[in-house]
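Structure, rendered in structure tokens:
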């Protein structure tokens, strides 16, 4: 599994001297449009991607909504105003036209993904993970497409799906996160460029993990991808998402939308290891990660699980949510959010219980170090029709150093007496006696700290696919270097 | 705010008697702010769960004057070992009373020094509800407490139609100990507005009971601002029941830490009532302790809100805070909103909070029924136990005002 590693075999010393490993810029000729957004840009993107009329209408509707909306500021994140006319809304590597095989992909690009630890070459590919690699606005390559197609699984860039499976895209796109859902979702709907499309037909268990890998390369471009995953009756899939970006001293906007649809007995597991550039130790630069992620458990006994490890971004602001409509459907949210230096994270989940006997579990672990701020904000909403619904939430915070902030804002709204909702939260720090115990057994200070952090996050790691769990653990250890003591 | 409502507020302000007495300046300033302030709306985070439109009814009600009548037959006899005061007594008459040892009236100069200073400490002096009280209040009880005076029973306003606005200022000297029980009743068109400011000197303690029983369209608003010096104890037990709209806002600050704060609350709502507990606890020094338990019993198509904020800044190391919100839903049309808010910067602290929402437990009911207790009796027994955990920490005199069984019998489900 080394190939997929975010960190190859580096010693911890090397890790320290290399705080953000993916900060390089690929020098590649890109096809960009001029900065700014207006109706012509929306039309241009749609035309460039040869979209049908209904999608152009969808975009224009969204753009109109977006113009009428005000940028929200309720979490009080305090970032300087974003100039939406100073962002490039479409950037794609040239030489992109029609490739019949991976050999024709620009070697520079293949090299980029190799350096990120993701090999797109046939012989070096991971044996059981299919990857869709997204570079700035477009998807570069998707591996194992043919093998998956044997089972009727569709895994391809969204743009391709729009052309080849128009009926599926039209049926599901924008039904979970509508074009006027919120400010950033509306902007995404107006200008989204690419993303992944996954369709698992009735009764099919996806034989391998699917994965998309997002890379922002261009310094002045925003990334607005859109992912749509549909699991039909009895289908199941595990999907992984990874992200990196070069180091720039400006802030870049990442406003993605992820929509999941699970029908009867279907199961979708969506895991994210988010490692966007977080800015330097003085809080300069970094990605603004303002993403809307939502899943609909439409069918009976359907199951959606969000697992996220958030270590990057200057600001993370997202609430992966589950709308539990089908009776007996299950929603889960497992999250580790680590903030250091001047990073801010305002993350959590919404569990909307509508169907009877729906169940949800929330486990959130926040670790704040440096001068960062880490907030859990979540909503558990039990509707009148959700008879027998159950929720269990647990939010734990760990503080490292006395200048970091840990905030918890859990909202519970209940309208159903047959429901049971439990919420608990705690705040702690790395205890002196545990540290002493480990150190007295010859374990170095920093290693002892990272062992304890890893233990703190174990509930979440155990939900990640095996190789991701190991990566996440190392990623956290790396981010914590020099933040203690 | 709509024009008609704007006119409603200004008409109401015009109808108030002209500012006079000790609180003349407070009234004047309050009226001028209230005429400009926006009415609370659901876009404001602190009001987002509330039926704000119910606030409007305040302005269609007259302001209650001072009490002139004699003994009210409907209330229990005065406690034998304590002092009972009616807050709506005429100010001069009230201040002419002789107080037992340990209690003394604050002088006018002292009132001018202390009044409003605890509010300012929370920045809540221009909150809408506070300004409403400022504009209308004519009844002030301002006491200095030293030693251990007998318990105080305070009958706040009366249950006649109209708005009754009262205000209390208590200064507890070092090592002073006091137990007070405040009682509000509301019928049909009563509105009760109250501000309490307390300064607890070092090693002093205040056991504070709030008993607010409403019916009909009555509404209740209480804003409590408590400043605690090291070594002090503030224990608040509140029981709110039956108001069309009730909101209690305890604000506590441990100015140099090392103090103890205990909040126990019970809210019982039925019909279309709404009862809201909005607490705020702040530690401005190390070694503070805070323990909060809020229990809500919700039936009919009523609504309860719990919004409990705890702030632990960098300076408040070794804070130990816990918060628990427990909700029992007895009807399929009831609603519950709970929202704890923890903001923590200090790293060496222990802070926990929890929330539960459930109905009566099947197995507990089954256990009792298997012992020959009828379903209704079993449910009552469980509810009684549920409430008793809170009401048992009210001052003992409260028992005469709040017969729990009577209240539980009223619950329709």
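Protein chains in written order, with our numbering: chain A, 1 to 485; chain B, 1001 to 1413. For each residue, glycine too, the CB sits at the ideal point set by N, CA and C.
Taking a cut-off of 8 Å for Cβ pairs, the stretch 1340 to 1348 of chain B and the stretch 400 to 416 of chain A touch, as three or more such pairs fall below it.
Contact between the stretch 179 to 189 of chain A and the stretch 291 to 310 of chain A is present: 3 or more CB-CB pairs across the two stretches fall below 8 Å.
Counting only the Cα atoms, residue 131 of chain A lies some 9 Å from residue 145 of chain A.
Straight through space, the alpha carbons of residue 1294 of chain B and residue 1321 of chain B are spaced by roughly 14 Å. Assignment of residue 452 of chain A by DSSP, reduced to helix, strand and coil, places it in the helix class.
For the C-beta of residue 1178 of chain B, not a single chain A residue is nearer than 8 Å; the gap to the nearest is close to 33 Å. By the 16-neighbour rule on beta-carbons within 10 angstroms, residue 1376 of chain B is exposed.
Rounded to the nearest whole angstrom, the C-alpha separation of residue 479 of chain A and residue 1259 of chain B is 38 Å.
Residue contact check for residue 1338 of chain B against chain A: a CB pair falls below 8 Å.
Runs of the beta strand (DSSP E) lying entirely within the stretch 50 to 101 of chain A and spanning at least 3 residues, in chain order: 91 to 93. Across the set A:449, A:74, A:323 and A:171, the C-alpha of A:74 shows the shortest separation from the C-alpha of residue 1043 of chain B. With a beta-carbon spacing of about 4 Å, residue 1225 of chain B and residue 1118 of chain B fall inside the 8 Å limit used to define contacts. Note on geometry: alpha-carbon atoms of residue 1390 of chain B and residue 1267 of chain B lie some 10 Å from one another. Inter-segment contact for the stretch 1352 to 1363 of chain B and the stretch 414 to 423 of chain A is present: three or more beta-carbon pairs are separated by less than 8 Å.
The DSSP-derived three-state label of residue 1206 of chain B is strand. Around residue 262 of chain A, no beta-carbon contact reaches into chain B at under 9 Å, the shortest distance being about 26 Å.
The residue among A:367, A:417 and A:403 with its C-alpha nearest the C-alpha of residue 397 of chain A is A:367.
Beta-carbon to beta-carbon, residue 1111 of chain B and residue 1154 of chain B are separated by about 18 Å, too far to satisfy the 8 Å threshold. Where residue 374 of chain A is concerned, the enclosing beta strand (DSSP E) starts and stops at 373 to 382. Taking a C-beta cut-off of 8 Å against chain B, the contacting residues of the stretch 426 to 455 of chain A are 426, 427, 428 and 429, listed in chain order. Around the beta-carbon of residue 1149 of chain B, 16 or more other beta-carbon atoms lie within 10 Å, marking it buried. Selection A:252, A:217, A:303 and A:338 evaluated against residue 26 of chain A yields A:217 as nearest (Cα-Cα). Rounded to whole angstroms, residue 168 of chain A and residue 161 of chain A show a C-alpha spacing of 8 Å. DSSP, read as helix, strand or coil, puts residue 1249 of chain B in strand. Look at the beta carbons and you see the stretch 186 to 198 of chain A not touching the stretch 301 to 317 of chain A: under three pairs across the two are nearer than 8 Å.
Burial is judged here by how many other beta carbons sit within 10 angstroms of a residue's own beta carbon; residue 1246 of chain B has at least 16 and is buried.
In the three-state reduction of the DSSP assignment, residue 1311 of chain B falls in the strand class, which pools E and B. Relative to residue 138 of chain A, the option among A:205, A:208 and A:215 whose CA is nearest is A:215. Residue-level contact by beta carbon holds for residue 1329 of chain B and chain A, with a gap shorter than 8 Å. Looking at A:427, A:372, A:362 and A:387, the one whose alpha-carbon comes closest to that of residue 463 of chain A is A:362. Distances from the alpha-carbon of residue 1127 of chain B to those of B:1392, B:1035, B:1081 and B:1369 put B:1035 closest.
A Cβ-Cβ distance of about 5 Å is found for the pair residue 1244 of chain B and residue 1217 of chain B, placing them in contact under the 8 Å criterion. Contact of residue 407 of chain A with chain B is assigned, a C-beta pair being separated by under 8 Å.
Neighbours of residue 420 of chain A in chain B, taken as residues whose beta carbon is under 9 Å from its own, are 1356, 1357, 1358 and 1359 in chain order. The distance from the Cβ of residue 324 of chain A to that of residue 360 of chain A is about 7 Å, consistent with a contact at the 8 Å cut-off.
Residue-level contact check: residue 403 of chain A touches chain B, since one or more beta carbons of chain B fall below 8 Å from its beta carbon.
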